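Just so we're aligned: 27 in the numbering used here is position 27 of the sequence shown, and the numbers increase by one with no gaps anywhere.
Have a look at the structure below, then the notes.
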Amino acid sequence: MAASTRPPADRPIVWVNCAVSLDGRLAFARGARARLSGPEDLDRVHRMRAESDAILIGVGTVAADDPSLRVDWARAGRPPGRPPLRVVLDARGRLPPGARILDRSAPTLVATSASGRDRLPPGVETVVAGEESIDLDRLLAALRERGVERLMVEGGARVLASVLRSRRFDRLTVYYAPVVIGGSLAPPMVAGRDTAGPEELTALKLEGVARLGAGFVATFVP
Ligand SMILES: NC(=O)c1ccc[n+]([C@@H]2O[C@H](COP(=O)([O-])OP(=O)(O)OC[C@H]3O[C@@H](n4cnc5c(N)ncnc54)[C@H](OP(=O)(O)O)[C@@H]3O)[C@@H](O)[C@H]2O)c1
C-alpha cells in the first residue's frame, strides 16, 4: 500500500508486520527473543517504521524484549525525521518504569483501561480505551483523532490475534526466516482464543511473495 493512501475517518491505516520461523513461531520457548529478521529484513522494518506515524506493541512484548521501537534512519535509508509515536497496550498498568519505551527519546502513549491507569508510572501519557480492558476500535479512533494516519502493529502474539481477528488492518507482512523452532512453548504468530472450525477462520488474501535475504516476505490483505 502506498504511503500516500488516505486513512478512513475512524481509524488509521493499519500495517501489521512480524517475523516468524517456518513453523510460525514468533520467539523461542517461553517467549525468549529470537531475532528472526536478517539485515535485509531489518532494513525493511525500519523503512516501515519510518513511514508510520505510530508503532503499536503489547505489554507482553515489553516484558519479553524491552524494545525501544526507535527508527534507525540509516537502515531506513532516510535522513532523520520525526520519530513515530510509540503505543503500548497495557490494560492493567503493568508497564515497568524502567522500560526502554519510556526513555523519552521519542513520544510514547500507553493505551490502558480506567482501572489500569492509576497503576502506571507517574508522568506517562495515557489514553483510556475501556473500563477493564482495551477496546481496539476506541483506541484506533483516539489515535486517528490525534492525527495518526499510518499505524504499524509489531506484535506480539496476543496483539496480533486481536488485530487480525478484528480485521482492523489493511496489510499484513510476514517475514519467514528459514529456521524451525518447534516445541510447545514457543509462541505462535497468533495466540488468543482457539479456532474450533472453518466458520471461525480468519481468511486473508495473498498479495505477493518476495525473497528477502535468507528468507522471504509474504504480503496479505484482509
Ligand atoms: N517475531 C516478531 O516479529 C515479534 C514481534 C513482537 C513480539 N514478539 C514476541 O511476542 C512475544 C510476546 O507476545 P505476547 O502475546 O506475550 O504479548 P503481546 O501481544 O505483546 O502483549 C499482550 C498483552 O497486551 C495487553 N493487551 C491489552 N489490550 C489488548 C488487546 N486489545 N489485545 C491484545 N492484547 C492486549 C494484554 O495484557 P494486559 O491484560 O495486562 O493489558 C496482553 O496480555 C514475545 O516472545 C516477543 O518476543 C515477536
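Quick reminder that beta carbons are idealized off the backbone N, C-alpha and C, glycines included.
Treat the numbers as computed from the prediction; the structure is a model and nothing was measured.
Looking at the DSSP output, F220 sits in a beta bridge with L172, L206.
Counting along the chain, the unbroken beta strand (DSSP E) around T126 starts and ends at 126 to 128.
Annotation for D65 indicates a beta carbon within 6 Å of some heavy atom of ligand 1.
By the neighbour-count criterion, in which 16 or more other beta carbons inside 10 Å mark a residue as buried, V87 falls on the buried side. In this structure, the beta-carbon distance from R158 to G24 does not fall below 7 Å. With contacts defined as CB atoms closer than 7 Å, I13 and D137 fail to qualify as a contacting pair.
Comparing alpha-carbon positions, the option among R70, V174, T112, V127 lying closest to R92 turns out to be T112. Judged by DSSP in its simplified three-state form, M48 adopts helix.
Distance from the CA of V217 to the CA of P107, rounded to the nearest whole angstrom, comes to 29 Å. In this structure, the C-beta of G182 stays at least 6 Å away from each heavy atom of ligand 1. Taking 7 Å as the cut-off, the beta carbon of A29 is found no closer than this to the beta carbon of G182. Leaving aside the five residues that flank P7 on each side, the residues in its chain whose CB is nearer than 6 Å to its CB run, in chain order, I13, E149. The beta carbons of L164 and T195 sit no closer together than 7 Å. As a beta-bridge residue in DSSP terms, I13 pairs with R150.
The nearest non-hydrogen atom of ligand 1 is less than 6 Å from the C-beta of G58.
P188 sits in a strand when the DSSP states are folded into three classes. Counting the other Cβ atoms within 10 Å of the Cβ of A186 gives 16 or more, which makes it buried. Non-local beta-carbon contacts of R167 in its own chain, meaning distances under 8 Å to residues more than five positions away in sequence, involve T202, P222 in chain order.
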